[in-house]
Amino acid sequence: MCRFIETIRLHDGEWHNLSRHNRRMNATRKAVFGTSDLLDISEFVTALPSRGVHKCRIVYNRQILEVSFSPYTVRTVRSLRTVYSDTIRYRYKNADRSALEALFALRGSQDDVLIVRNGLLTDTSIANIALEKEGIWYTPKHPLLKGTQRARLLEEERLTECDIPADEIYSYSRIALFNAMIDFGLCILDINRRTVVTVPREKTT
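Going left to right, the sequence shown walks through residues 49 to 253 as the working numbering numbers them.
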């Protein structure tokens, strides 16, 4: 049976964005397994780390299977490389990340990859993205995964959805990487040919 995950940020014992993680988990359970009951992650956790930033990893299928905590430090990303796949799918946050890991392995000397599907930017291997142009932040309309922080930023109208062709990336000034563990604004790169390396499309996986 397929297994899925939720990764939730805890800061000094406080959940971040828990309602959206519950919403996505239950939507996945309904879509994949046909379940109609609603689970609340907080009801499966007996004790929370009280100090510092921790990652709570939830593994589930029809039910919650595992809960674990680990201290979290943001991975440094200073450069990105475009990679291409028209067939990759990650609509649901699957525990099997082998397809993403295969693309990440193509990063060369860069820190992470920018995944291009059907000519459009989607995500990095671990994060949603937003690109800035003239003071407005745009996020891909069709990411690989609709992240919980992305959902919050869209609801707050801090991001605008649009298609972003890979060959137009240098018309934007900056790129932000963010996910449940990395707050928006914490990882922002100026877009130039040193920080964002675009390579010719060699193959589609």
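The beta carbon of each residue, even a glycine, is placed where N, CA and C say it ideally should be.
Only a predicted model underlies this, so the values are computations on that prediction, with no experimental measurement involved.
- The beta-carbon separation of N227 and A175, rounded to 4 Å, stays under the 8 Å limit for a contact.
- A residue is called buried when at least 16 other Cβ atoms come within 10 angstroms of its Cβ; E54 meets this threshold and is buried.
- Residues S127, L128, R129, V245 of the same chain have their beta carbon placed closer than 7 Å to that of Q158, with the five preceding and five following residues left out of the count.
- Boundaries of the alpha helix (DSSP H) around V80: 66-81.
- In the structure shown, E91 falls within a helical segment according to DSSP collapsed to helix, strand and coil.
- Beta bridge pairing from DSSP links E209 with T187.
- Secondary structure note for T243: it is in no alpha helix (DSSP H), with a DSSP letter that is neither H nor E.
- Looking at the DSSP output, N142 sits in a beta bridge with F52.
- For the pair C104 and L66, the CB atoms are not nearer than the 7 Å cut-off.
- Bridge partners of S118 according to DSSP: K103.
- With the rule of 3 Cβ pairs closer than 8 Å, the segment 185-193 counts as touching the segment 206-214.
- Around the beta carbon of Y220, a 10 Å sphere encloses 16 or more other beta carbons of the protein chains shown; the residue is thus reported as buried.
- Remark: C-beta atoms of I89 and N70 approach each other more closely than 7 Å.
- T130: not part of any alpha helix (DSSP H); member of the beta strand (DSSP E) spanning 128-132, first to last residue.
- Bridge partners of L179 according to DSSP: Y186, I223.
- If you draw a straight line from the Cα of L169 to the Cα of R139, it comes to about 15 Å.
- Beyond the five residues adjoining it in sequence on each side, K181 comes within less than 8 Å, by CB distance, of S219, Y220, S221 in the same chain, given in chain order.
- The C-alpha of E91 is placed about 13 Å away from the C-alpha of W63.
- According to the DSSP secondary-structure assignment, V247 is paired through a beta bridge with no residue.
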